[in-house]
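Following: one structure in structure tokens, then a few remarks.
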Amino acid sequence: MLYPFKFEARLFHKIWGGNIIEKWYDHVPADYENVGEAWVLSDVEKYPTVVTNGSHAGDDLQDLLEVYMDELVGGKVYDTFGNHFPLLLKFIDAADDLSIQVHPDDDYALEHENSLGKTEMWYVMPSPDKGAAVYLGWNETMNPSLIHAAIQDGSLARYLHAYKVSEGDIAYIPAGTVHAMKRNTIVAEIQENSDITYRLYDYNRVGNDGRMRPLKLDKALEVMDYAPVKEAVVTHPSPVKNGVVNIKQTPYFTANLLYLTQKAQRDYAPLDSFVAYMCVGGQCRVTALDCEVENDNSVTLGTGEAILIPASLNDILLAPEGDCKLIEIYVEL
16 MLYPFKFEAR
26 LFHKIWGGNI
36 IEKWYDHVPA
46 DYENVGEAWV
56 LSDVEKYPTV
66 VTNGSHAGDD
76 LQDLLEVYMD
86 ELVGGKVYDT
96 FGNHFPLLLK
106 FIDAADDLSI
116 QVHPDDDYAL
126 EHENSLGKTE
136 MWYVMPSPDK
146 GAAVYLGWNE
156 TMNPSLIHAA
166 IQDGSLARYL
176 HAYKVSEGDI
186 AYIPAGTVHA
196 MKRNTIVAEI
206 QENSDITYRL
216 YDYNRVGNDG
226 RMRPLKLDKA
236 LEVMDYAPVK
246 EAVVTHPSPV
256 KNGVVNIKQT
266 PYFTANLLYL
276 TQKAQRDYAP
286 LDSFVAYMCV
296 GGQCRVTALD
306 CEVENDNSVT
316 LGTGEAILIP
326 ASLNDILLAP
336 EGDCKLIEIY
346 VEL
């Protein structure tokens, strides 16, 4: 039977990772350092997230898809993606600069990587340190010769737009946009279901194996947009108490911000899609009022966690414990 599914985050050590988001989880090994990413809803091969609540505890997202198909994700979503979940949801803790990188679009990724492409969105989380910033897009028209020269002399970042960011800022990164996250930046990330990244420059860092981390410059040069950014790609939508604010509408996902201080009811009957919640602040009790599995119909969602509401469930009650902020995510095809 279907009910709201909660998943255990998959934690990833990163050379640039920090020690902030690891405090949100109770399953961090004592000797685990530099948690850079927490994947909270994933169907990526080898790294699917596992259900922690109810009768399906121990099953992963792929198991659910194979059994419930369109009941889980919606008719149009299942017709389009089959037994592959269309999105990957994660939290990122960048204590150091991330590499300057770019992602391919769907056409290139399918041909060369047998994968979806990677368009993504960042919601900036609170950080205890000042100076959070991101690089998004070129500030002048580039070409391969200029990029090669800038990589050689370490000046590539000079050609990128730099944006200072703070809690609640939204950064949208379409496939082909060269980008990077600066140190002391923590985000919730919504992206296509893809783990394809092409690094252009990595500050000459050495990985855990003692070698320079590999770049994929040839592929990066094939997929990137060389034109300068002409419009703002960082926005700051104002939250509305106990209201719903659309923070991003894309062909790949819709994302809304829910700022709750009191109970709220959501009706998803008009949607033909699953709904996912990412908690970006506070805590909330999520109950599916139309769920037939009475013992499994309710689950608590805390900061850094995600819940998947199957497409077959429509009547959802949200009960915050104090102030709570959720990102509501679904797919409209």
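In terms of the numbering used here, the sequence shown opens at residue 16 and continues consecutively.
Beta carbons: idealized from backbone N, C-alpha and C, even for Gly.
Note that the coordinates shown come from a computational prediction; the quantities given were computed from them, not determined experimentally.
1) Mind checking which residues open and close the alpha helix (DSSP H) that includes D78?
2) Rounded to whole angstroms, how far is the Cβ of N329 from the Cβ of A284, which I believe are closer than 8 Å?
3) Report the rounded CA-to-CA distance for D94 versus D58, giving the unit in angstroms.
4) Among Y150, R228, T276 and P189, whose alpha-carbon lies nearest the alpha-carbon of M196?
5) Among E155, Q206 and G73, whose alpha-carbon lies nearest the alpha-carbon of L102?
6) Helix, strand or coil: how does DSSP classify L328 here?
7) Quick one: grab the DSSP three-state call for D311.
8) Measuring alpha carbon to alpha carbon, tell me which of E347, G90, D282 and A334 ends up nearest C294.
9) What residues are listed by DSSP as bridge partners for F106?
10) Could you work out which residue in S130, F96, E37 and V314 is closest to K105 when comparing CA atoms only?
11) What distance in whole Å lies between the Cβ atoms of Y274 and P252, which are believed to be in contact at a cut-off of 8 Å?
12) Checking the sheet assignment: what are the DSSP bridge partners for W153?
13) Kindly indicate the opening and closing residues of the beta strand (DSSP E) around Q167.
14) Under three-state DSSP, which class holds V35?
15) Quick one: grab the DSSP three-state call for T95.
16) Could you check where the beta strand (DSSP E) with K263 kicks off and where it finishes?
17) What do you reckon, are the CB atoms on F22 and A321 nearer than 9 Å?
18) Go through its chain and collect everything with a Cβ distance to M140's Cβ below 7 Å, but skip five positions before and after it.
19) Looking only at its chain, what residues have a beta carbon closer than 6 Å to the beta carbon of S170, apart from the 5 residues adjacent to it on each side?
20) Specify, as a first and last residue, the run of the alpha helix (DSSP H) that K21 falls within.
21) On the three-state DSSP scale, how would you describe D58?
22) In chain order, what residues of the same chain lie with their CB nearer than 8 Å to the CB of T318, ignoring the 5 residues before and after it?
23) Quick one: using the 10 Å Cβ neighbour count with 16 as the cut-off for buried, is L125 buried or exposed?
24) Taking one C-beta from the region 152-165 and one from the region 238-246 each time, how about it: are there three or more such pairs within less than 8 Å?
25) Is it buried or exposed for A279, if we count other Cβ within 10 angstroms and need 16 for buried?
26) Roughly how many angstroms separate the alpha carbons of N257 and I324, rounded to a whole number?
According to the data block:
1) L76 to Y83
2) 4 Å
3) 17 Å
4) Y150
5) Q206
6) coil
7) helix
8) A334
9) A53 and A203
10) E37
11) Not really, about 11 Å apart at Cβ, beyond 8 Å.
12) L175 and P243
13) Run containing Q167: none in the beta strand (DSSP E); it sits in the alpha helix (DSSP H), P159 to D168.
14) Sequence inspection shows Ile at residue 35; the Val mentioned does not correspond to that position. It is coil, neither helix nor strand.
15) helix
16) G258 to Q264
17) yes
18) E182, I201, V202, A203 and V295
19) none
20) First-last for K21: F20 to E23, but that is the beta strand (DSSP E), not the alpha helix (DSSP H).
21) coil
22) W39, C294, V295, G296, G297 and Q298
23) exposed
24) yes
25) buried
26) 20 Å
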